[in-house]
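Start counting the sequence shown at 7; every next residue gets the next number (this note's numbering). Written out below as C-alpha cells is the structure these notes cover.
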Amino acid sequence: MKNIFRALKQAFESLLRLRMFLLILGPPIVTVFVLLVLFIVYWSAWTVGIAGVIGNLWGFQWVQQVTGLTELALWLAMLFLVMIFIPLAYVISVLIVSVFVMPIVLKWVGDQDYRTLEKRRGGTVAGSVWNTVKATILFVVAFMVTLPLWLIPGCQLLVPLVLTAWLNKKVFLYDVLQDYASREERKSIESEESGSLYLMGLLLGLLSYIPLAFFFVPIISALSYTYYGLNALEERRK
7 MKNIFRALKQ AFESLLRLRM FLLILGPPIV TVFVLLVLFI VYWSAWTVGI
57 AGVIGNLWGF QWVQQVTGLT ELALWLAMLF LVMIFIPLAY VISVLIVSVF
107 VMPIVLKWVG DQDYRTLEKR RGGTVAGSVW NTVKATILFV VAFMVTLPLW
157 LIPGCQLLVP LVLTAWLNKK VFLYDVLQDY ASREERKSIE SEESGSLYLM
207 GLLLGLLSYI PLAFFFVPII SALSYTYYGL NALEERRK
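What follows is the structure, given as C-alpha cells:
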C-alpha cells in the first residue's frame, strides 16, 4: 500500500505543474466530442437495432404482454446506450492517452524525476500499440459477456470497476516500461507487482464514479502507473 500511495501522491503533485494540468484537458475534450457526434448521428439506428435484438430474446414477448409495455424493447435499448456511455468514453480516453499522451508524459516525468534512470528499451512502439489494441478488444469482449450481471444489484458498479482496473494495469504498465526497462525487468515487475498494480487500478477506478471526474481518470491513471512503474524499476536496480 505504501508504494501505491506514494505513486498516487506523486501523480497528483505532478498535476500541479501547469503544462501537465493543461495536458489532461485534451483527452476528455476529444472523447466527449467524438462520442457526442457518434451518438447524435447514430442514435436512432442504434436504438432500433438494439431494440430488435432485445425483442427477439427468448421470453421477451411474454414479459411485454404481462407488463403491457408495448415499447419496452425500445426503452431498454435507450437505457443500454446511456449505460454504456461512460465505459465507452473511458475506453476511448485510454486509447488516446496510451497512443498519444503517454510518450509526452514519460518524457516530462522522466526528465523531471528520473534523469539518472538508464533506458534499456525492452519494448517497442509497435509492441505498445499492439498491447493497447489487444487489451481493448479483450475489455470489450469481457464487457459484453458480463452485461447480464448488470441485472444483479451492485454489479452495475462492480463489474465496470473490475474491468477498467484490469485495463489500466494492462495498458499503462507496458507503456511506462517500454523505454526504461529491459524485457526481463518488465516481465518481473508485471509478475511481482501484479496485485498492487491491480489494487491501484481499483482505487483509480473509484474516481470514475465522481461526477465528471471519469473524463480525467485515464490521464491520472497514466501518471500513477508511470510513477509506480519507474519507482519499482529504480528500487530493483538499487
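By construction, the Cβ of each residue, glycine as well, lies at the ideal position given by its N, Cα and C atoms. Every value quoted in this text rests on a predicted model; they were computed, and no experiment measured them.
Would you mind sorting residue i into buried or exposed? The rule is 16 or more other CB atoms within 10 Å of its CB.
i: Met206; result: buried
i: Trp81; result: exposed
i: Tyr48; result: exposed
i: Gly211; result: buried
i: Ile46; result: exposed
i: Thr138; result: buried
Please state whether DSSP places residue i in a helix, a strand or coil.
i: Ser214; result: helix
i: Trp64; result: coil
i: Leu192; result: Reading off the sequence shown, one finds Arg at residue 192, where the question assumed Leu. Residue state, collapsed to three classes: helix.
i: Pro7; result: According to the sequence shown, residue 7 is Met rather than Pro. Correct three-state label for Met7: coil.
i: Glu77; result: coil
Would you call the CB atoms of residue i and residue j closer than 9 Å?
i: Glu198; j: Tyr234; result: no
i: Val131; j: Gln184; result: yes
i: Thr232; j: Ala17; result: yes
i: Tyr180; j: Leu239; result: no
i: Leu229; j: Val36; result: no
i: Ala171; j: Leu144; result: no
i: Arg12; j: Asn237; result: yes
i: Ile266; j: Pro33; result: With the chain covering only 7 through 244, there is no way to say anything about residue 266.
Which residues in the same chain as residue i place their Cβ atom closer than 7 Å to its Cβ, once the five residues preceding and following it in sequence are excluded?
i: Trp52; result: Leu87
i: Ser202; result: Asn9 and Ile10
In chain order, what residues of the same chain have a beta carbon less than 6 Å from the beta carbon of residue i, not counting five sequence neighbours either side?
i: Val176; result: Note that residue 176 is Lys in the sequence shown here, rather than Val. Answer for Lys176: Ala141, listed in chain order.
i: Phe27; result: Leu21
Output yes if chain D places a C-beta closer than 9 Å to the C-beta of residue i; else output no.
i: Ala238; result: Although the question refers to chain D, the structure presented lacks it and comprises just one protein chain.
Could you pull out every residue in the same chain whose Cβ sits closer than 8 Å to the Cβ of residue i, ignoring the five residues on either side in sequence?
i: Gly58; result: Ala79
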